[in-house]
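In this note's numbering, the protein residues as written are 260 to 405.
Below you can see the structure in the form of structure tokens.
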């Protein structure tokens, strides 16, 4: 179970005492700063983390007997990765993406709220995927205008 907790908490960032989702999102932001801005690298990392996230968060749901454990932040990592997909390494765009993503993740408007009710790791992961897709669209729209 230790390896899946390590993955689900994204190197134990989710175990930090205050706002674990924000710590997970910051971890993703730092990871994205280290990655080259290439389609294949970004897409590969998102897919790998998503697959690991569905499995590890499903394991954590069963292990902790909690439908959405707060220490599981791999979902925020994936959602933030989607938010930053193919963006140039720009502090302003990254900050905007972080703020928008956290807002959508916390407030969970409409479909984002409903999709989190899917069982196990699917609900945990897909609400953040949707928040990431909305953030991606908004940040890229703003980046085009600028």
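Backbone N, C-alpha and C fix where the C-beta goes; we use that ideal spot for every residue, glycine too.
Is residue i buried or exposed, if buried means 16 or more other CB atoms sit within 10 Å of its CB?
i, result
"residue 310", "exposed"
"residue 347", "exposed"
"residue 297", "exposed"
"residue 320", "buried"
"residue 270", "exposed"
In whole angstroms, what is the alpha-carbon distance linking residue i and residue j?
i, j, result
"residue 353", "residue 288", "7 Å"
"residue 291", "residue 340", "7 Å"
"residue 326", "residue 351", "35 Å"
"residue 265", "residue 306", "18 Å"
"residue 272", "residue 282", "6 Å"
"residue 432", "residue 299", "Summary: the structure shown does not reach residue 432, with the chain confined to residues 260 through 405, and so no result is reported for it."
"residue 367", "residue 267", "21 Å"
"residue 385", "residue 304", "16 Å"
Nearest CA to the CA of residue i: which residue from the options?
i, options, result
"residue 390", "301, 373, 331", "373"
"residue 402", "356, 384, 371, 303", "356"
"residue 312", "404, 346, 263", "263"
"residue 349", "278, 295, 283", "295"
"residue 329", "274, 397, 398, 266", "274"
Which same chain residues end up closer than 7 Å to residue i when comparing Cβ atoms and leaving out the 5 residues on each side of it in sequence?
i, result
"residue 388", "337, 338, 341"
"residue 395", "341, 342, 344"
"residue 364", "280, 335, 338, 387, 390"
"residue 370", "389"
"residue 392", "341"
"residue 360", "284, 338, 339, 342, 390, 391, 394"
"residue 331", "267, 268, 273, 316, 319, 383"
Take residue i and list the residues in its own chain whose beta-carbon comes closer than 8 Å to its own, dropping the five residues that flank it on each side.
i, result
"residue 378", "none"
"residue 308", "333, 336, 337, 340"
"residue 382", "326, 327, 374, 375, 376"
Suppose the cutoff is 6 Å on Cβ atoms and the five residues either side in sequence are ignored; what does the same chain contact list for residue i look like?
i, result
"residue 380", "313, 316, 317"
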